[in-house]
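Q:
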Amino acid sequence: MAEDESTEKEKPKGSMVTKVLLFGVLPMMTALILVVGGLFVAGVLPGGGDKGGDHSEDDGDGEDEEGDEEDSDEEDDGETQPAVYLPIDPAFVVNFASQGKARFLQITVEVMTRDVTVPDKVILHMPVIRNNLMLLFSNQTYDTVSTLEGKESLREEALEVVQQILEEETGDPGVEAVYFTSFVMQ
Numbered sequence: 011m012a013e014d015e016s017t018e019k020e021k022p023k024g025s026m027v028t029k030v031l032l033f034g035v036l037p038m039m040t041a042l043i044l045v046v047g048g049l050f051v052a053g054v055l056p057g058g059g060d061k062g063g064d065h066s067e068d069d070g071d072g073e074d075e076e077g078d079e080e081d082s083d084e085e086d087d088g089e090t091q092p093a094v095y096l097p098i099d100p101a102f103v104v105n106f107a108s109q110g111k112a113r114f115l116q117i118t119v120e121v122m123t124r125d126v127t128v129p130d131k132v133i134l135h136m137p138v139i140r141n142n143l144m145l146l147f148s149n150q151t152y153d154t155v156s157t158l159e160g161k162e163s164l165r166e167e168a169l170e171v172v173q174q175i176l177e178e179e180t181g182d183p184g185v186e187a188v189y190f191t192s193f194v195m196q
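In terms of this note's numbering, the sequence shown is numbered consecutively and its last residue is 196.
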């Protein structure tokens, strides 16, 4: 009789493990496989999806490659490329004197370009850019930068500073705009 009771107690254990596998682990594994497969097909995961390449056969004359380059040049000339923004981190904190009081100015700066190679150039020359912008910002007066016109003038001067550095170092000004995304005076 004791053996019958122990057999009955073991049966629910086995069926519980089976239920967990069937209703817990199996659906989760199926969902994971479907999600990963979908990402692969969509091209989000490496090696998956259609890369948009031309699947036609090459006739071997080499003209297709030149034609593709000409087409891409025409697209660049006819369409405006999307803007690329690069923050100049960390924010600039400079002090300046105003009527005998110590004042502080904190500015967060971002540069905008449409050339995808320019952010790398800006990063390469970041020490010079930060130095010259810091000198520009610390040379301001409280009365000048407290007005909208003063802030706009400072933004234009900052653009000229960045463009001048890039022109000297790379031969291309590259940056189209400088934006102050935070401007705090105290």
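Ideal Cβ placement from N, Cα and C applies to all residues, glycine included. Note that this is a predicted model, so its numbers are computed, not measured.
1) Can you tell me whether DSSP reads E80 as helix, strand or coil?
2) Just to confirm, are P183 and Q196 a CB contact at a threshold of 7 Å?
3) When DSSP builds the beta bridges, which residues end up paired with N141?
4) Would you grab the beta carbon distance between L96 and P129 for me? Rounded to a whole angstrom, and I think it's under 8 Å.
5) Tell me where the alpha helix (DSSP H) around E167 begins and ends.
6) Hey, would you say V188 sits closer than 7 Å to V121, going by beta carbons?
7) Near I175, which residues of its chain fall below 8 Å by C-beta distance, leaving aside the five closest residues on each side in sequence?
8) Using DSSP's beta-bridge definition, name the partner residues of Y152.
9) Could you compute how far the alpha carbon of V27 sits from the alpha carbon of T123?
10) Between the alpha carbons of S192 and L158, how many angstroms are there, rounded?
11) Tell me whether D99 sits in a helix, a strand or coil according to DSSP, three-state version.
12) Comparing alpha-carbon positions, which option in S108, K29, L42 lies nearest T154?
13) Going straight from the alpha carbon of E179 to that of V132, what length do you get?
14) By how many angstroms is the C-alpha of F114 removed from the C-alpha of V104?
15) For a test of the three-state rule: what should DSSP assign to A41, helix, strand or coil?
16) For the beta strand (DSSP E) that contains L115, what are its first and last residues?
17) Taking only the alpha-carbon atoms, compute the straight-line gap between A168 and K111 and give it to the nearest angstrom.
A: Considering the structure as presented:
1) Because the pLDDT of E80 is 43, which lies under 50, any placement of that residue in the model is unreliable, and the number read from its coordinates should be weighed accordingly. Correct three-state label for E80: helix.
2) For P183 and Q196, no; Cβs fall outside 7 Å.
3) Answer is none; N141 lacks a bridge partner.
4) Indeed, because the Cβ distance is near 4 Å, the residues count as touching under 8 Å.
5) It spans 158 to 180 - the alpha helix (DSSP H) in which E167 sits, taken as one unbroken run.
6) Annotated as proximal: V188 and V121, with beta-carbon spacing under 7 Å.
7) These residues qualify, in order along the chain: H135, V138, I139, N142.
8) Y152 is not bridged by DSSP to any residue.
9) Spanning the alpha carbons of V27 and T123 requires a straight line of approximately 59 Å.
10) Their backbone Cα atoms lie some 14 Å apart in a straight line.
11) Residue state, collapsed to three classes: strand.
12) Shortest Cα-Cα distance from T154 to any of S108, K29, L42 involves S108.
13) Straight through space, the alpha carbons of V132 and E179 are spaced by roughly 10 Å.
14) Those two C-alpha atoms are separated by around 6 Å.
15) If DSSP states are grouped into helix, strand and coil, A41 belongs with the helices.
16) Per DSSP, L115 belongs to the beta strand (DSSP E) from 111 to 123.
17) About 25 Å.
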